[in-house]
Each structure stands twice: as C-alpha cells, then as structure tokens.
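Residue numbers (the UniProt record's numbering): 1 to 454.
Laid out in structure tokens, this is it:
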C-alpha cells in the first residue's frame, strides 16, 4: 500500500515549494542527487537547506541559475514593480527588509549554511548557449528520457509537462507541438518538476489530496508584459482539471503554472477524510515575499474514519406470484451478485396481501439484477435508490476447532474485534461430525476467543 499525501496550499504552491516539502517529509537525497546529476541541462546548481519562515524551521529547495539562464522568477521588484516588504515587518528572519534587486533574489533568501548542494557548473561548453531558454515538448521529452530515475517518476514528470504544454498552448492559441514556451522550458522549472517526481516516487505516494489552492490577485510581469492573476496557464489548468481556487486579498501570484500542473497531475481527491491521523509533516519554503508566510505544508496522513461505501437498494411490490417463484428469484439474485435479498409482507390496494421484494446490491450490478426481477416475477416496476453505507473494517479468517477448520468473519471497531462464525462453515462441520448446529456454533466461538487471547 502506498502513502496518502495531503497538500495544504494556504500560501499557494510552486515547484520549489513542493520539492522542499517532500524532502522535509523524508524523501531520499540519494535518488534526487542521482537524477539531478544526470540532467542534460546547463547553467544551474541546486541546494537543500533550512530557512526561517515566521519563526518556523522550514526546508528550502533552491535552484540557482547562472546569468545566462536567470528569469527573475523570484525577483519581487521585477515581477510586481516595487518593493514587496511584507506588511507589519519582515516575513523571514533571515531576509533583509529591503526589496530584491535583479540577479540577487536567491542571496536574500538564505542566512543558513547549506546542508547539501548539487553543482552543475557546465557553463556553455556544450554549445547550448541561450537555446535552452525556449524548449518545446520534443526537447523536454528528450531531456526526461535521459534522466536517471524510475519509470514511475519519469511518467509523473512527463504528465506534469503534458499538462503545462496544453495550458500554454491554450493561452497562446497554438497547437501544443508548436509551443516553445519559456516558462516550461526554463531550467528551474525542469529541475523543480524532476525533483518533485523523484521525491513522490521515493516516498511511494499513491494518493494525493488537495482541497483547494489559495491564490492572490492583481498583475504579474512575464516576458511578454503584465498579465492578470491567476495567470492564463494557471486558469487553464484549473478549468481543465477541476482545481478549486480560493481567492485571497494578497496582491501577488501564489500559484505558479508549475505548481498548478503538479497538483493537476498527481491529485487523486479534493476531499479530506472525516477523521485522519498524521504520520509526518513537511514544510516547504517559497522564495517570494508576501503578507502571509510562503510555506507549503505537506502531510502524510492515514484515514481514521469509519469506512463508507455506496450501495443500491431495489424494491418492488408483488401480489400475484407464488411462493415457489419468489424462492427461485431469490436464488437467482444471490447467484448474480446481490448482497442481500429479503421479502417483507405488505398489504396493497383493495387490501390484497402481497410481498415487497428488497434487494441490496452494488450500483454496477443494478441493471442485471433488475433484468432478473422483470423476467422472473410479475412486477411491472422497480423502485431504486443509491445509498451511502457505513461499514466496519472486516476480514475473513480460518480458525481451528476440535471438529476442523471453520470460516469466521472478524470485524473491528474502537480497537476491539468481534467474531462471527460463517453459517456455511458451521453447517458443514455439523453435518460432517453429526453434531447439532448450536453446539458447533458455540465451539467455533470458543475457538475465536482463544485466538483473541493470543
């Protein structure tokens, strides 16, 4: 069984925030190092460190670009046209109160010694130069094919880029294969997405719950000029993949296209369990400064709710069938997968005594069971309703008795176990050993008690 991840996006989400939160949850450094060393991309180095956000100790994943690849993604003055010192004082204890200048956004984020660094000082000796600034999906897929990571991680990374490509294509009004998009092809986006995919795989995350993404408002600068928030790519991703955006009064971009694409690619549910326990918490730092601390909180959780599933109930009033017919119908319904079948005596119009047929089944079995009822009875109508059902955790086990093994259903609730001997198993032992049913039933229950004592 894989793990269930809950992403609490009160401050939005970006690629570096997601990677940092997953690393803080315990994702291994070795597979990440291996993947980043194998990336056929120049002009970056990556480091994992600890920073302070509102007094909290937070993990930071920092992708540092050389001058040729810098995109000012974390430069608040470039992005929003002025100093973004948070209202009421500094957001981070290690960030000076003045605004960022171009090319120094990362240096203002870290006052702590780096715990780990991945150096990729390739310069331009491979002759790539600025050609890496605009990459299409063909080039992205070629890059991903050469990264040293598991196939599951590679599939996740490809899915994230596919979502980004479709969103950018829709924003620019061109075919996805014709898009050469700076935002997706940027070196830091590639590194962030690969890091997230590798970390998710290493943590063995199979379920991801994201109820909503908090987003800011206003305008943000991109290479084409000022654009509204949420930016077109984020809006397209949210529309296509049903992401819920929660507006805030913060003037600024909280959800980046990369962050939105990550959520769209890995989210399996938007609803938290009614009750859950927390196995571990990870905090990931963002680089941009806003009024609220730029932190993504990730939690590995386990559902502690009572199990609930959906069933379908079928019912029909029958006043002109023989008992033999109704007994035969019951047998056929059970053989076809009905969970339960029973008859209730009722009085119909003109005081006619009749039977109400009740069938409990899986919604997927409804149609075939209705066909049996119509073909084998005289009814001309069936009522149906889908219902939510709360069930106890259960399993079927075999217990040893002096008469032989017997099947038992074990149900758990409130930390206690209840044992229910299976009818067919008790009947078989009774017939085989020439004992009465009640005697064998009690013998099986006693064997269950011995099992519980162990």
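Cβ coordinates follow ideal geometry from the N, Cα and C atoms, glycine included.
In this chain, the alpha helix (DSSP H) harbouring residue 335 covers 323-335. The residue among 6, 142 and 170 with its C-alpha nearest the C-alpha of residue 158 is 142. Counting the other CB atoms within 10 Å of its CB gives residue 247 a total below 16, which places it among the exposed residues. Judged by their CB atoms, residue 44 and residue 22 are not nearer to each other than the 8 Å cut-off.
In the displayed model, residue 287 falls within coil according to three-state DSSP, outside both helix and strand. Counting C-beta pairs closer than 8 Å gives three or more between the stretch 307-323 and the stretch 360-373, which meets the contact rule.
Sorting 379, 330, 235 and 293 by C-alpha distance to the C-alpha of residue 359 places 330 at the top. In its chain, beyond the 5 residues on either side, 15, 18, 19, 22 and 262 have a beta carbon closer than 7 Å to the beta carbon of residue 196. In this structure residue 277 is in contact with residue 304, their Cβ atoms being roughly 5 Å apart against a cut-off of 8 Å. The residues 408 and 410, in chain order, have a CB closer than 7 Å to that of residue 397 in the same chain once the five nearest residues on each side in sequence are set aside. Taking the C-beta atoms as reference points, residue 318 is found no nearer than 8 Å to residue 264. Residue range 232-241 is occupied by the alpha helix (DSSP H) that includes residue 232.
DSSP places residue 206 inside the beta strand (DSSP E), whose first and last residues are 205-209.
Straight through space, the alpha carbons of residue 11 and residue 213 are spaced by roughly 8 Å. Contact check between the stretch 45-53 and the stretch 229-245: fewer than three CB pairs, one atom from each, fall below 8 Å, which does not count as touching. Rounded to whole angstroms, residue 31 and residue 40 show a C-alpha spacing of 16 Å.
Straight across, the Cα-Cα distance linking residue 283 with residue 252 is about 21 Å.
For the pair residue 400 and residue 424, the Cα-to-Cα distance works out to about 16 Å. Spanning the alpha carbons of residue 188 and residue 140 requires a straight line of approximately 13 Å.
In the three-state reduction of the DSSP assignment, residue 304 falls in the coil class, being assigned neither a helical nor a strand state. Looking at the DSSP output, residue 7 sits in a beta bridge with 298. If you ignore the 5 residues before and after residue 199, its C-beta comes within less than 7 Å of the C-beta of 19, 22, 23, 27 and 32, all in its own chain and listed in chain order.
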